[in-house]
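With positions in the sequence shown counted from 1, the corresponding number in our numbering is that position plus 135.
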Amino acid sequence: MKSLLVQGKGKELNALAQAFSFLIALSLLCSLAFAAFASLEYHWNWSSVFKYKTKFLEGWLITVWVSSAALLASCLIGAISALATRSRILPLRYFFKLYVEITRGTPLLVQILLIFYVFADAVHLENRYVVGILILSLFSGAYVSEIFRAGIESVGSSQLLSAKSIGFTPYQSFRYVIFPQALNRSLPALAGQFANLIKDSSLLSIIAIGEFTLNAQEVNTSTLSAFESFFPLALGYLILTLPIFHLSRRLEKRLSFDS
Numbered sequence: 136m137k138s139l140l141v142q143g144k145g146k147e148l149n150a151l152a153q154a155f156s157f158l159i160a161l162s163l164l165c166s167l168a169f170a171a172f173a174s175l176e177y178h179w180n181w182s183s184v185f186k187y188k189t190k191f192l193e194g195w196l197i198t199v200w201v202s203s204a205a206l207l208a209s210c211l212i213g214a215i216s217a218l219a220t221r222s223r224i225l226p227l228r229y230f231f232k233l234y235v236e237i238t239r240g241t242p243l244l245v246q247i248l249l250i251f252y253v254f255a256d257a258v259h260l261e262n263r264y265v266v267g268i269l270i271l272s273l274f275s276g277a278y279v280s281e282i283f284r285a286g287i288e289s290v291g292s293s294q295l296l297s298a299k300s301i302g303f304t305p306y307q308s309f310r311y312v313i314f315p316q317a318l319n320r321s322l323p324a325l326a327g328q329f330a331n332l333i334k335d336s337s338l339l340s341i342i343a344i345g346e347f348t349l350n351a352q353e354v355n356t357s358t359l360s361a362f363e364s365f366f367p368l369a370l371g372y373l374i375l376t377l378p379i380f381h382l383s384r385r386l387e388k389r390l391s392f393d394s
């Protein structure tokens, strides 16, 4: 009983030390930012930007919707691509390999222009939001595919032989041996890729999708208050990306096991 109380107090002290250290780091960062802006002698004009709060909210909600749809679709595309690149059907394998290499090797901006103005127009797909989600899904799916592939290949062949020796079918080997380990090892990279997907959605402004960045640019044009217009933009993206990193770390801890 006494040892449990000591452990409990130790955890409380550790939590307090972490919270205190975080506050020190945050205070230092805020002080540096404050000193930098103080040297500019910048005159803030929040009142003019505050009038456009509804516009910021609408843009942020569109970014949430587009990013969420693209995130789910990119996971599906990435999983299919990762399995296809390991297929014994050579044309299928090389098709998806070409897709991954071309997508990862060319700028997203070029892909947006090419898909929206060429391929979407060729099939008469006029809804720019659907096209935007498709573009983000294909772009992010190529990276997700490589993350999944690396995770699958990181599982040692000895474990597969062990699974086969105890009578596991190929499906059971994948379900109970490969998949849990591959997912756990892929989580940090997946979290980073999903955060990048959210930020990459800002490039959809070039095809006039009224997402967060485009609306912030329009507010800046109307008010000529650059910092006041783009600080809410940064905060909005942080609200979306930080939970992804936090959730990823929690899932890592829950799925971790000794190998």
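From the three backbone atoms N, C-alpha and C, an ideal C-beta is built for every residue, glycine too.
Quiz item: When we look at the beta-carbon of residue 149 and count the other beta-carbons within 10 Å, is it buried (16 or more) or exposed?
Solution: Classification of residue 149: exposed, given that the 10 Å Cβ count is below 16.
Quiz item: For residue 367, does the three-state DSSP call read helix, strand or coil?
Solution: In the structure shown, residue 367 sits in a helix (DSSP, three-state: H, G or I).
Quiz item: Closest to residue 282 by CA distance: which of 170, 221, 318 is it?
Solution: Checking every option, the nearest Cα to that of residue 282 belongs to 318.
Quiz item: How do the segment 234 to 250 and the segment 356 to 373 stand: do at least 3 beta-carbon pairs fall below 8 Å, yes or no?
Solution: The segment 234 to 250 makes no contact with the segment 356 to 373: fewer than 3 CB pairs, one atom from each, lie closer than 8 Å.
Quiz item: Does the Cβ-Cβ distance between residue 332 and residue 275 come in under 8 Å?
Solution: The answer is yes: Cβ separation under 8 Å.
Practice problem: State the DSSP-derived secondary structure class of residue 276, mapped to helix, strand or coil. | Solution: Three-state DSSP puts residue 276 in a helix.
Quiz item: Over what stretch of residues does the alpha helix (DSSP H) that includes residue 195 continue unbroken?
Solution: Run containing residue 195: 188 to 219, per the alpha helix (DSSP H) assignment.
Practice problem: Give a yes or no on whether the C-beta atoms belonging to residue 290 and residue 313 are separated by under 8 Å. | Solution: Yes, the Cβ-Cβ distance between residue 290 and residue 313 is below 8 Å.
Self-check item: the segment 185 to 193 touching the segment 240 to 256, judged by at least three CB pairs closer than 8 Å
Solution: Between the segment 185 to 193 and the segment 240 to 256 there are fewer than three inter-stretch CB-CB distances shorter than 8 Å, so the stretches are not counted as touching.
Quiz item: Does DSSP put residue 331 in a helix, in a strand, or in coil?
Solution: Under the three-state reduction of DSSP, residue 331 is assigned to helix.
Quiz item: If we ignore side chains and look at the alpha-carbon of each, how far apart do residue 214 and residue 387 end up?
Solution: So the alpha carbons of these two residues sit roughly 19 Å apart.
Practice problem: Would you mind working out which of 155, 172, 206 sits nearest residue 336, comparing C-alpha positions? | Solution: Residue 336 has its Cα closest to that of 206, out of 155, 172, 206.
Quiz item: Just how far apart, CA to CA, sit residue 338 and residue 268?
Solution: Their Cα atoms are separated by approximately 12 Å.
Self-check item: CB-CB length for residue 194 against residue 346, believed under 8 Å
Solution: That pair is a contact at about 6 Å.
Quiz item: Going straight from the alpha carbon of residue 316 to that of residue 389, what length do you get?
Solution: A straight line joining the alpha-carbon of residue 316 with that of residue 389 spans about 12 Å.
Quiz item: If you count every other CB in all the chains shown that lies within 10 Å of the CB of residue 328, and 16 or more means buried, which is it?
Solution: Answer is buried; the Cβ neighbour count reaches 16.
Quiz item: Which of helix, strand or coil does DSSP assign to residue 242?
Solution: If DSSP states are grouped into helix, strand and coil, residue 242 belongs with coil.
Quiz item: Of all the options 277, 211, 209, which has the alpha carbon lying nearest to the alpha carbon of residue 400?
Solution: Look at the range of the chain in this structure, 136 to 394, and you will see that residue 400 is not part of it.
Practice problem: Could you tell me the boundaries of the alpha helix (DSSP H) in which residue 356 lies? | Solution: Per DSSP, residue 356 belongs to the alpha helix (DSSP H) from 347 to 358.
Practice problem: Taking residue 182 as part of the alpha helix (DSSP H), name the residues at either end of that continuous run. | Solution: It spans 181 to 185 - the alpha helix (DSSP H) in which residue 182 sits, taken as one unbroken run.
Quiz item: Beta carbon of residue 219, beta carbon of residue 228: below 8 Å?
Solution: Going by C-beta atoms, residue 219 is nearer than 8 Å to residue 228.
Quiz item: Leaving out five residues before and five after residue 201 in sequence, what residues of the same chain have Cβ atoms less than 8 Å from its Cβ?
Solution: Result list for residue 201: 264, 267, 268, 271, 336, 339, 344, 346, in chain order.
Quiz item: Out of curiosity, what's the CA-to-CA distance linking residue 158 and residue 350?
Solution: Approximately 33 Å between the Cα atoms of the pair.
Quiz item: Does the beta-carbon of residue 231 have 16 or more other beta-carbons within 10 angstroms, so that it is buried, or is it exposed?
Solution: Answer is buried; the Cβ neighbour count reaches 16.
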